[in-house]
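Take any residue in the sequence shown, count from 1 to its spot, add 892: that is its number in my numbering.
C-beta: ideal position from N, C-alpha, C; glycine also.
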Amino acid sequence: MAPSTMTRIRTLRLAGTAIVCAVTAASLAGCDSGTKAASSPSASASASPSSDPDQAAKDKVLAAYTNMREIQIKMADDGDLHTLELGKYAKGQASTDLKKSVLRNQAENIKFTGRPGMDPKVTAVDTKNKTATVTDCFDATAWKPVYKDSGKPVEMAEQRLRYPATSHAELEGDTWRITEITADRSQGC
893 MAPSTMTRIR TLRLAGTAIV CAVTAASLAG CDSGTKAASS PSASASASPS
943 SDPDQAAKDK VLAAYTNMRE IQIKMADDGD LHTLELGKYA KGQASTDLKK
993 SVLRNQAENI KFTGRPGMDP KVTAVDTKNK TATVTDCFDA TAWKPVYKDS
1043 GKPVEMAEQR LRYPATSHAE LEGDTWRITE ITADRSQGC
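This is the structure we're talking about:
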């Protein structure tokens, strides 16, 4: 390349870089014909702590629910009870029902493949009385029962595969545990 061509290319690159820097600086400063910076309300809102005084409790309840469901999925897949793991996140009727389900499946030589879909939300928390409620749209569409030996699908009675589930939790010390799970297969979600 001729020296004059190289000089022009360098000049164009520098000019392009200067334009990019100017546009970036203007957008970061919020400098556009009289409007305020778009980042000021949302950036400060996201950086500040939650205004919900129960948010930490809700996060812990949701973690207990999610972990319990993960152990349920593992139990349904491998057929083991995982009692110690389950006990960290569930107790009472919830724990008993999940274990009964595993034992029933063991007796019938059934395991589950795939994963259920979930969309849990903590809909109530009472830190004074140490209780909480989680609602979920449990979706078993992709969570299929099969016979362990053959891998063939288990023929199931016609039933709704997407349904609301409501769970209750209790706080013991600083640990939330799910105590009850109620599924309503009469409705969809």
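For A956, same chain residues with a beta-carbon under 7 angstroms away, outside a window of 5 residues either side, are Y981, A1061, W1068, R1069, I1070 in chain order. When the Cα atoms are used, G1009 and K1020 turn out to be separated by approximately 32 angstroms.
Fully enclosed alpha helix (DSSP H) runs of no fewer than 4 residues occupy 947 to 970, 975 to 979 of the stretch 946 to 986, in order along the chain. Of the residues V1017, A1034, G1065, the one whose Cα lies closest to the Cα of A949 is V1017. The residues Y981, A982, I1070, in chain order, have a CB closer than 6 angstroms to that of M960 in the same chain once the five nearest residues on each side in sequence are set aside. Going by DSSP, L1053 is part of no beta strand (DSSP E) at all; its letter is neither H nor E. The stretch 1040 to 1060 makes contact with the stretch 1070 to 1080; the number of CB pairs closer than 8 angstroms reaches 3 or more. Among the bridge pairs identified by DSSP, R1069 is matched with E1062.
Within the model, the alpha-carbon separation for V1038 versus N1001 is close to 9 angstroms. Of the candidates Q1051, D1041, K1022, P1045, K1022 places its Cα closest to the Cα of E1064.
When only Cα atoms are considered, K952 and G979 end up about 15 angstroms apart. Look at T1019 here: in three-state DSSP terms it is coil, with no helix or strand label. Selection V1026, D970, V1014, Q1051 evaluated against S993 yields D970 as nearest (Cα-Cα).
Taking every protein chain shown into account, the CB of K1003 has 16 or more other CB atoms within 10 angstroms, so this residue is buried. By alpha-carbon distance to D946, the top candidate from A1024, D1041, D989 is A1024.
DSSP lists K1013, T1058 as the bridge partner or partners of T1027. Secondary structure at A1075: strand, using DSSP grouped into helix, strand and coil. Counting along the chain, the unbroken beta strand (DSSP E) around K1003 starts and ends at 1002 to 1006.
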